[in-house]
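In this note's numbering, the protein residues as written are 157 to 319. Here is the structure we will look at.
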């Protein structure tokens, strides 16, 4: 059984991942930076047993789709995340990621790199406990949410139809 206490007992991996994500700046308008973030996320999802697809984009950063296969006769569970931020490259130099009084501060920590780190920890715990469930799980990590999801909209809609 997984409990909230299992999350509280050891947050070191989750916090470490969140620091890494927050330190990897990824403003929407910088394709190379968002693609770098996508490579980090893709690697983390592969480490967690996902089949990873890269949805290559010409103008915006690439989107990442992570899938864990389940029973194909059932509808998928689909989760949506975004990797881009509003902060320009260089922000981390004058506003470094900071851990203080049990909290983490930095660009994108709340919106939405924290969600990515929590999701990764949840998948890790579910896999360790053998509780991934019967349904396939798909997670879409988009590159352009902060500017309206114009380049990721087709993927969002496609995955929504699978749910």
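Idealized CB from N, CA, C, for every residue including glycine. Since the structure is predicted, the reported quantities are computational estimates derived from the model, not experimental observations.
Check: Just how far apart, CA to CA, sit residue 177 and residue 227?
Finding: 32 Å
Checklist line | Backbone CA spacing between residue 281 and residue 161 [nearest angstrom] | finding: 12 Å
Notebook entry, point to check: If you run the structure through DSSP and keep just helix, strand and coil, what is residue 158?
Noted result: coil
Note to self: On a Cα-Cα basis, can you pick out the residue from 173, 284, 195, 217 that is closest to residue 240?
What the structure shows: 217
Note to self: I need the DSSP call for residue 247, collapsed to helix, strand or coil.
What the structure shows: helix
Checklist line | residue 306 to residue 300 span [Cα, whole Å] | finding: 7 Å
Check: Taking just the CA atoms, how far does residue 169 sit from residue 277?
Finding: 8 Å
Check: Looking at the structure shown, is residue 238 part of a helix, part of a strand, or coil, going by DSSP?
Finding: strand
Next item on the list: Might you give, ordered along the chain, the residues of its own chain that have their beta carbon closer than 8 Å to the beta carbon of residue 257, omitting 5 neighbours on each side?
Entry: none
Notebook entry, point to check: What are the start and end residues of the beta strand (DSSP E) that includes residue 307?
Noted result: Element bounds for residue 307: n/a, residue is neither H nor E.
Next item on the list: Check each candidate in 158, 187, 172 and name the one with the smallest Cα separation from residue 259.
Entry: 172
Notebook entry, point to check: Taking contact to mean at least 3 C-beta pairs separated by less than 8 Å, is the region 267-274 in contact with the region 230-247?
Noted result: yes
Notebook entry, point to check: Relative to the alpha-carbon of residue 204, which residue among 186, 232, 312, 272 has its alpha-carbon at the smallest distance?
Noted result: 272
Notebook entry, point to check: Considering residue 203, what are the terminal residues of the alpha helix (DSSP H) in which it resides?
Noted result: 187-203
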